[in-house]
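Step one of this worksheet: look at the structure below.
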Amino acid sequence: VKKCGYANNPDARISFEVFIPILQTISKNRDHATFDDFVEGLKMFDKDQNGFITSAELRHILTSLGDRLSDEDVDQLFQGMEDSQGNINYEEFIKMVMNG
């Protein structure tokens, strides 16, 4: 909001109609940072630096770290994501998860 010219007058009020586009812009930028954060986190497991990690490694991450998923949930997420060698393109995986 300050970047939009309201920093000069701290007592200024903005209307809801002005605030919503600002909030939407911030939210969109936040989504990109979150995607990038996930990519950076999974890059640590990308030994060949080719954009893929093994499904076994990703399964371990999803079932044992942070908000743990069940094996059934992971199976559902992996449907159609593994290549013939059991690897997953993690950028595509993150996009799929974030887009529902």
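Just so you know, we're using my numbering here: the sequence shown kicks off at 125 and counts up by one. Yeah, the Cβ is synthetic: ideal placement off N, Cα and C, and Gly gets one too.
Reduced DSSP secondary structure (H/G/I, E/B, other) of residue i
i: V125; result: In this prediction, V125 has a pLDDT of 46, which is less than 50 and means its spatial position is unreliable; nothing more can be read from the coordinates.
i: F162; result: helix
Alpha helix (DSSP H) segment containing residue i, residue limits
i: N223; result: Y214 to N223
i: F202; result: D195 to F202
i: R183; result: S179 to S188
Straight-line Cα distance separating residue j from residue i
i: T187; j: I218; result: 16 Å
i: M222; j: A180; result: 21 Å
i: Q173; j: K167; result: 7 Å
i: V163; j: N211; result: 15 Å
i: M220; j: D170; result: 19 Å
Sheet register partners of residue i (DSSP bridge)
i: N211; result: T178
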